[in-house]
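Participant: In this note's numbering, the protein residues as written are 9 to 339. All C-beta atoms, glycine included, are put in the ideal place defined by N, C-alpha and C. The structure presented is a predicted model; accordingly, all values stated were derived computationally and were not measured. Next up is a structure, given as structure tokens.
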Amino acid sequence: MAQELTITQILDEYGHYYERSGQNLSRLKRAFMQPSESLQHATKMVTDDTIFKLANNVFNPVLQAFQKAFTPKGGVEFIPNPIILRPLKIDYKFFPTDVESSWLGFLGGDSSRTLESWPVVKYMLEEYLINQAIEDKELNEVYKGIWVEPEEGVAGLSGKSMDGFRKQLYDGASHGSYPINVVEGVGELEEDSIFDQLEYYDKQISELYIGKRLIHFVAQKWVRAFKTAKRSNGYYFIDSADKINAAIDFTQHIVIGLPSMNGTNDIFTTMSENMLHLRKRDLNKVHVDLQKIDREIKFLIHWWEAVGFGCNKLVWTTDATIRSISSIFDQ
Numbered sequence: 009m010a011q012e013l014t015i016t017q018i019l020d021e022y023g024h025y026y027e028r029s030g031q032n033l034s035r036l037k038r039a040f041m042q043p044s045e046s047l048q049h050a051t052k053m054v055t056d057d058t059i060f061k062l063a064n065n066v067f068n069p070v071l072q073a074f075q076k077a078f079t080p081k082g083g084v085e086f087i088p089n090p091i092i093l094r095p096l097k098i099d100y101k102f103f104p105t106d107v108e109s110s111w112l113g114f115l116g117g118d119s120s121r122t123l124e125s126w127p128v129v130k131y132m133l134e135e136y137l138i139n140q141a142i143e144d145k146e147l148n149e150v151y152k153g154i155w156v157e158p159e160e161g162v163a164g165l166s167g168k169s170m171d172g173f174r175k176q177l178y179d180g181a182s183h184g185s186y187p188i189n190v191v192e193g194v195g196e197l198e199e200d201s202i203f204d205q206l207e208y209y210d211k212q213i214s215e216l217y218i219g220k221r222l223i224h225f226v227a228q229k230w231v232r233a234f235k236t237a238k239r240s241n242g243y244y245f246i247d248s249a250d251k252i253n254a255a256i257d258f259t260q261h262i263v264i265g266l267p268s269m270n271g272t273n274d275i276f277t278t279m280s281e282n283m284l285h286l287r288k289r290d291l292n293k294v295h296v297d298l299q300k301i302d303r304e305i306k307f308l309i310h311w312w313e314a315v316g317f318g319c320n321k322l323v324w325t326t327d328a329t330i331r332s333i334s335s336i337f338d339q
């Protein structure tokens, strides 16, 4: 896809000239852009490392009946659990002067402004690049992303910038010594049976976690289906649909829909403390390298980021989810 500012249709419709007729930013309308939602449920961590090294420990039982003889029992094993941060970037270029002789001329500058300070430059950075990057990450990377070594000199493909949570589930399920928990018998999620499926799935998690705030993550449509099933069962005395929540009754567990999982029948469960979002530097302080070369403006932005799970034993999913994921990764 060309890296440019395209106004061909504006020129065809409104002419190749600028006339001041009250147009401003409020007349530039765009469709909804997906904000970052998935990572709002994760624990954010800033690190200077490009590989964040964690270890999971396995404790064996130690308690035994008393006797005078020394009879040692127990053991501890430490298992490495690294999370690799990947560099992401935004590269973009365009000619601000393209807007001057068009209806969009109000985004241009005047003799008192340098080219870098033209309104169109700020508009492209704040309205386009930042918002688009946030949407790209949410819809293509956070859950569904699969990191692929980029081809030198060629713009990278969407969904290939980082390993998302789906890749972490795949790796965790096949971990030889410390796998995640895979629940069998749930089957592929279906709207007609989603209520019973989620309750059955939840009951397969150890009773030790009934009082812990576990989050069952699914695509957004499954939360709606789950709430619809709750309403249709007639178990609740309510006067408003707003009072139907997505909680698993009699537990501290809740079902949350993620935009990043839309289009999937997957489900995974963990707690916010175990769902990690790593950054090499604070994203609010990422430096924007704005360069002017002749009359062309270039944006060069990069940072490091990753997602992962702190402890595999605090992650649950279904065998149907793993089969679905395996069909992607085993190709």
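May I have the straight-line CA-CA distance separating residue 108 from residue 115, to the nearest angstrom?
Facilitator: By 1-based counting over the sequence shown, the position of residue 108 is 100. By 1-based counting over the sequence shown, the position of residue 115 is 107. So the alpha carbons of these two residues sit roughly 8 Å apart.
Participant: If we count Cβ pairs, one from each stretch, closer than 8 Å, do we get three or more for the stretch 153-163 versus the stretch 295-307?
Facilitator: no
Participant: Where residue 184 and residue 87 are concerned, what is the direct C-alpha to C-alpha distance, given to the nearest angstrom?
Facilitator: On the sequence shown, position 176 is the one that residue 184 refers to. On the sequence shown, position 79 is the one that residue 87 refers to. About 11 Å.
Participant: Given this structure, state the Cα-to-Cα distance separating residue 225 from residue 30, to the nearest angstrom.
Facilitator: As a position in the sequence shown, residue 225 is number 217, starting the count at 1. As a position in the sequence shown, residue 30 is number 22, starting the count at 1. Rounded to whole angstroms, residue 225 to residue 30 spans 47 Å at the Cα level.
Participant: Would you call the stretch 194-210 and the stretch 229-236 touching, i.e. three or more CB-CB distances under 8 Å?
Facilitator: yes
Participant: Might you give, ordered along the chain, the residues of its own chain that have their beta carbon closer than 8 Å to the beta carbon of residue 321, omitting 5 neighbours on each side?
Facilitator: By 1-based counting over the sequence shown, the position of residue 321 is 313. Closer than 8 Å at the Cβ level, and outside the excluded window around residue 321, lie 64, 186, 188, 189.
Participant: State the start and end residues of the unbroken beta strand (DSSP E) segment that holds residue 189.
Facilitator: Mapped onto the sequence shown, residue 189 falls at position 181. Run containing residue 189: 189-191, per the beta strand (DSSP E) assignment.
Participant: Does the pairing of the stretch 140-160 with the stretch 317-335 give three or more beta-carbon distances under 8 Å?
Facilitator: Taking 8 Å as the limit for Cβ pairs, the verdict is that the stretch 317-335 does not touch the stretch 140-160.
Participant: Taking Cβ to Cβ, would you say residue 41 is nearer than 9 Å to residue 140?
Facilitator: Walking along the sequence shown from the start, residue 41 turns up at place 33. Walking along the sequence shown from the start, residue 140 turns up at place 132. In this structure, residue 140 lies closer than 9 Å to residue 41 by Cβ.
Participant: Under the rule that 16 or more other beta-carbon atoms within 10 Å means buried, what is residue 211, buried or exposed?
Facilitator: Taking the sequence shown and counting its residues from 1, one reaches residue 211 at position 203. Its Cβ having fewer than 16 others within 10 Å, residue 211 is exposed.
Participant: So residue 166 packs on residue 223, CB below 8 Å; how close in whole Å?
Facilitator: Counted from its first residue, the sequence shown places residue 166 at position 158. Counted from its first residue, the sequence shown places residue 223 at position 215. At roughly 27 Å, the Cβ-Cβ gap does not stay under 8 Å, so residue 166 and residue 223 are not in contact.
Participant: If you drop the 5 nearest sequence neighbours on each side, which residues of the same chain put their C-beta closer than 7 Å to that of residue 9?
Facilitator: In the sequence shown, residue 9 corresponds to position 1, counting from 1. For residue 9, the pLDDT reaches just 45, beneath the cut-off of 50, and the residue's location in the model is therefore unreliable, although a value from the coordinates is still provided. Sequence-distant Cβ neighbours of residue 9 in its own chain, meaning closer than 7 Å and more than five residues away, do not exist here.
Participant: Just to confirm, are residue 267 and residue 228 a CB contact at a threshold of 9 Å?
Facilitator: Within the sequence shown, numbered from 1, the residue matching residue 267 stands at position 259. Within the sequence shown, numbered from 1, the residue matching residue 228 stands at position 220. Contact: yes.
Participant: How would you label residue 303, buried or exposed, when you count the other beta carbons within 10 angstroms and need 16 or more for buried?
Facilitator: Taking the sequence shown and counting its residues from 1, one reaches residue 303 at position 295. Classification of residue 303: exposed, given that the 10 Å Cβ count is below 16.
Participant: I'd like to check one pair, residue 133 with residue 258: are the Cβ atoms closer than 9 Å?
Facilitator: Walking along the sequence shown from the start, residue 258 turns up at place 250. Walking along the sequence shown from the start, residue 133 turns up at place 125. Taking 9 Å as the Cβ cut-off, residue 258 and residue 133 do not qualify as a contacting pair.
Participant: Secondary structure at residue 304, three-state DSSP: helix, strand or coil?
Facilitator: In the sequence shown, residue 304 corresponds to position 296, counting from 1. Here residue 304 sits in strand by DSSP.
Participant: By the 10 Å Cβ neighbour count, where 16 or more other Cβ atoms means buried, how is residue 255 classified, buried or exposed?
Facilitator: Residue 255 sits at position 247 when you count from the first residue of the sequence shown. Label assigned to residue 255: exposed.
Participant: Would you tell me roughly how many angstroms separate the C-alpha atoms of residue 93 and residue 284, rounded to the nearest one?
Facilitator: Here residue 93 refers to the residue found at position 85 when the sequence shown is read from its first residue. Here residue 284 refers to the residue found at position 276 when the sequence shown is read from its first residue. The straight-line gap from Cα to Cα measures roughly 12 Å.
Participant: Could you tell me the distance, in whole angstroms, from the CA atom of residue 318 to the CA atom of residue 105?
Facilitator: On the sequence shown, residue 318 is found 310 positions in, with the first residue counted as 1. On the sequence shown, residue 105 is found 97 positions in, with the first residue counted as 1. Taking the straight line joining both Cα atoms gives about 49 Å.
Participant: From the DSSP output, read off the bridge partner residues of residue 393.
Facilitator: The question about residue 393 has no answer, for the chain in this structure spans 9 to 339.
Participant: Where residue 97 and residue 124 are concerned, what is the direct C-alpha to C-alpha distance, given to the nearest angstrom?
Facilitator: Counting from 1 along the sequence shown, the entry for residue 97 is found at position 89. Counting from 1 along the sequence shown, the entry for residue 124 is found at position 116. Each residue's Cα considered, the two are about 21 Å apart.
Participant: Tell me the rounded alpha-carbon separation between residue 89 and residue 62.
Facilitator: Translated into positions along the sequence shown, residue 89 becomes position 81. Translated into positions along the sequence shown, residue 62 becomes position 54. If I take the Cα positions, the gap works out to 5 Å.
Participant: Just checking my contact of residue 197 with residue 252 at CB under 8 Å: how many whole Å lie between their CB atoms?
Facilitator: Translated into positions along the sequence shown, residue 197 becomes position 189. Translated into positions along the sequence shown, residue 252 becomes position 244. Contact flag wrong, Cβ pair sits at about 19 Å.
Participant: Mind checking residue 261: buried by the 16 CB within 10 Å criterion, or exposed?
Facilitator: In the sequence shown, residue 261 corresponds to position 253, counting from 1. Its Cβ being crowded by 16 or more others within 10 Å, residue 261 is buried.
Participant: Can you tell me which of the three DSSP states residue 163 falls into?
Facilitator: If you number the sequence shown from 1, residue 163 lands on position 155. Note: residue 163 maps to coil in three-state DSSP.
Participant: Find out if the Cβ-Cβ distance for the pair residue 180, residue 315 is shorter than 9 Å.
Facilitator: For this step, residue 180 is matched to residue 172 along the sequence shown. For this step, residue 315 is matched to residue 307 along the sequence shown. Contact flag unset, no.
Participant: Would you kindly work out how many angstroms separate the C-alpha atoms of residue 82 and residue 74, rounded to a whole number?
Facilitator: If you number the sequence shown from 1, residue 82 lands on position 74. If you number the sequence shown from 1, residue 74 lands on position 66. Put simply, the backbone Cα of residue 82 is about 15 Å away from that of residue 74.
Participant: In whole angstroms, what separates the C-alpha of residue 26 from that of residue 112?
Facilitator: Stepping through the sequence shown from its first residue, residue 26 is reached at position 18. Stepping through the sequence shown from its first residue, residue 112 is reached at position 104. So the two alpha carbons sit approximately 7 Å from each other.
Participant: Given that a residue counts as buried once 16 or more other Cβ atoms are within 10 Å of its Cβ, and exposed if not, what is residue 146?
Facilitator: Indexing the sequence shown from 1 puts residue 146 at position 138. So residue 146 counts as buried.
Participant: Taking C-beta to C-beta, are residue 70 and residue 286 nearer than 9 Å?
Facilitator: Here the question's residue 70 lines up with position 62 in the sequence shown. Here the question's residue 286 lines up with position 278 in the sequence shown. No, they are not a contact pair.
Participant: Using the C-alpha atoms, what's the distance from residue 79 back to residue 45?
Facilitator: Against the sequence shown, residue 45 aligns to sequence position 37. Against the sequence shown, residue 79 aligns to sequence position 71. The alpha-carbon atoms of residue 45 and residue 79 are separated by roughly 53 Å.
Participant: Helix, strand or coil for residue 99, going by three-state DSSP, please let me know.
Facilitator: As a first step, residue 99 must be located in the sequence shown, where it is residue number 91. Three-state DSSP puts residue 99 in a strand.
Participant: Can you grab the Cα-Cα spacing for the pair residue 91 / residue 273, in whole Å?
Facilitator: Sequence index remark: in the sequence shown, residue 91 carries index 83 (1-based). Sequence index remark: in the sequence shown, residue 273 carries index 265 (1-based). Distance between the alpha carbons of residue 91 and residue 273: 26 Å.
Participant: Suppose you measure from the CA of residue 51 to the CA of residue 121; what does that come to, to the nearest Å?
Facilitator: For this step, residue 51 is matched to residue 43 along the sequence shown. For this step, residue 121 is matched to residue 113 along the sequence shown. Going from the Cα of residue 51 to the Cα of residue 121 covers about 43 Å.
Participant: Taking the alpha-carbon positions, what's the residue 12 to residue 32 distance?
Facilitator: As a working mapping, residue 12 is identified with position 4 in the sequence shown. As a working mapping, residue 32 is identified with position 24 in the sequence shown. Going by the C-alpha atoms only, they are around 21 Å apart.
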